[in-house]
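The next block holds one structure in the form of structure tokens; read it before the comments.
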Amino acid sequence: MVNNPHRDEKALDYDNLFELFSSLKSIQTPAELHGQLTGYLCSGKRFQPDAWLQVAQKMMDIDALTDEAKVTLINLYDHVITALEDQAFGFQPFLPDDSESLTTQARAIGGWSQSFLVGFGLGGAIQSSLSEEVIGILRDFAQIAQLETELEDSDGNESDLTEIIEYVRMAALLVYTEFNKPVDSKKGQSSEPKKKH
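Following UniProt numbering, the numbering of the sequence shown begins with 1 at its first residue and continues without gaps.
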């Protein structure tokens with residue numbers, strides 16, 4: 001976990017992040033950035049703080065990060081690591097809450113799933129090393145990314161979307177578990193990300 005003395009859990013509210021991203025003119029939504037970070041971490045890789053901020057800035061396609069954005073993004077990184085390692089399976093895809101329309105929620109989980117695939121790919125997992133279960137999950141995520149997003153607000157659609165989000169949640173945890181098995185702490189668990197640009 002990144003050592004962050006200015007941790008502020010309130011800043012991780014989706015609406016707060018959406019407002020911040022909008023003010024920065026980010027091309028990514030908070031859901032997409034969260035999905036891409038989760039995919040990268042699930043591949044077994046880690047970022048050092050400065051490297052994460054640089055990568056996040058590139059993902060968002062913005063010229064510079066404000067001090068507020070830097071603190072928030074470090075909070076986000078810490079939050080994702082903590083949630084993925086939570087023995088109570090507390091991890092959740094970072095999405096708009098259920099007060100939003102089903103269309104908005106469907107677009108968010110589709111974007112999250114597509115971004116997870118991008119992040120996982122950036123982690124450099126070797127295709128031949130993937131289990132059949134993980135391969136199946138990645139295929140499912142690719143299908144979820146193509147979901148019909150114009151959904152009528154109905155109980156049936158709401159139930160279906162809830163099931164999809166729960167599947168994505170548990171599937172991400174399974175992938176994380178497969179690629180983040182405990183190792184000797186003396187050997188270290190962190191690795192510098194490969195430069196992609």
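No residue lacks a Cβ here, since even glycine has one placed at the ideal position from N, Cα and C.
DSSP three-state assignment for residue i, whether helix, strand or coil
i           : result
residue 49  : helix
residue 65  : coil
residue 125 : coil
residue 189 : The predicted model places residue 189 with a pLDDT of 43, which falls under 50 and marks its position as unreliable; any figure quoted below should be read in that light. Here residue 189 sits in coil by DSSP.
residue 131 : coil
residue 144 : helix
residue 87  : coil
residue 178 : helix
residue 149 : coil
residue 94  : coil
residue 70  : helix
residue 24  : coil
residue 160 : helix
residue 103 : helix
residue 78  : helix
residue 44  : coil
residue 154 : coil
residue 29  : coil
residue 13  : coil
residue 196 : Residue placement at residue 196 is poorly supported in this model, since its pLDDT is 38, which falls under 50; the coordinates are not used for a value here.
residue 19  : helix
9 Å Cβ cutoff met for residue i and residue j
i           : j           : result
residue 171 : residue 96  : no
residue 121 : residue 145 : no
residue 33  : residue 26  : yes
residue 116 : residue 38  : yes
residue 76  : residue 151 : no
residue 93  : residue 137 : no
residue 89  : residue 80  : no
residue 53  : residue 73  : yes
residue 66  : residue 17  : no
residue 36  : residue 119 : yes
residue 64  : residue 20  : no
Heavy atom of the ligand ZN within 8 Å of residue i beta-carbon
i          : result
residue 43 : The ligand ZN is not among the ligands present in this structure, which contains no ligands whatsoever.
Integer-rounded CB distance, given that residue j should sit under 8 Å from residue i
i           : j           : result
residue 168 : residue 113 : 6 Å
residue 106 : residue 161 : 6 Å
Contact between the region 123-138 and the region 98-109: three or more CB pairs below 8 Å?
no
Between the region 36-52 and the region 164-181, do at least 3 Cβ pairs fall closer than 8 Å?
yes
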